[in-house]
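Let me begin by presenting the structure, written as structure tokens, before commenting on it.
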Amino acid sequence: RSEPYHRLILAMSISDCFGDFVYFTGSWAIPQEEDVYGAMGDEQTCEVQGFFKQLHATATVGYNVMLSVYYLLVVRYGWSEQRILRVEHYLHAYPIIYGLGTSIAGVPLKLYNNYIWLCWIASAPTG
Numbered sequence: 157r158s159e160p161y162h163r164l165i166l167a168m169s170i171s172d173c174f175g176d177f178v179y180f181t182g183s184w185a186i187p188q189e190e191d192v193y194g195a196m197g198d199e200q201t202c203e204v205q206g207f208f209k210q211l212h213a214t215a216t217v218g219y220n221v222m223l224s225v226y227y228l229l230v231v232r233y234g235w236s237e238q239r240i241l242r243v244e245h246y247l248h249a250y251p252i253i254y255g256l257g258t259s260i261a262g263v264p265l266k267l268y269n270n271y272i273w274l275c276w277i278a279s280a281p282t283g
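Residue numbering for the sequence shown follows the numbering used here, beginning at 157 and increasing consecutively.
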């Protein structure tokens, strides 16, 4: 029974749920002034959706990388679960810190705007 493995999978699944939220809301979060079908949001809803899209994009990829590192340590180098437990917090630190860091940085930088059919990192609308 591999508890660190299950925690990594659970954390990646949670970060995928952020993406589910973004894709479910779709164009609803885009400011209604823009010429996009279904747009009924404002700058704040677009910012929230962009934040969660960035968090999803970075954390999910980060956890996928950490799962690869986990497999490398266990399969190639024969690490025991006890040894993995000692470094597990590092396997979670990268996706969380990088994901939250880039997501939070996008807010004051005003990076989250209409990105075709949802809000993510895009140039601000002109006009």
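Cβ coordinates follow ideal geometry from the N, Cα and C atoms, glycine included.
Extent of the continuous beta strand (DSSP E) run through residue i
i    : result
L241 : Where L241 is concerned, there is no enclosing beta strand (DSSP E), although the alpha helix (DSSP H) it sits in stretches over 237 to 262.
Closest by C-alpha distance to residue i, when choosing among the options
i    : options                : result
V221 : K209, Y250, E203       : Y250
G182 : R163, K209, G234       : K209
D191 : T216, T258, I272, E244 : I272
V243 : R232, Y226, V231, Y233 : Y226
S171 : Y219, L223, E199, E189 : Y219
Residue interval of the alpha helix (DSSP H) (run including residue i)
i    : result
I165 : 159 to 181
L211 : 199 to 227
Cutoff 6 Å; reference residue i; Cβ partners in own chain excluding five residues on either side
i    : result
I240 : P160
G206 : Y268, C275, W276
D198 : P187
7 Å Cβ shell around residue i - same chain, five flanking residues per side excluded
i    : result
A280 : K266, N269
F177 : F208
In DSSP terms, what residue i is bridged to
i    : result
L275 : It should be pointed out that residue 275 corresponds to Cys in this sequence rather than to Leu. Note: C275 sits in a beta bridge opposite N270.
P187 : G197
C-beta neighbour in chain D for residue i, strict 8 Å
i    : result
H162 : Looking for chain D here will not work: only one protein chain is present.
Sequence-distant residues of the same chain with beta carbon closer than 8 Å to residue i, five excluded per side
i    : result
C202 : A185, I186, P187, Y268, N269, N270, C275
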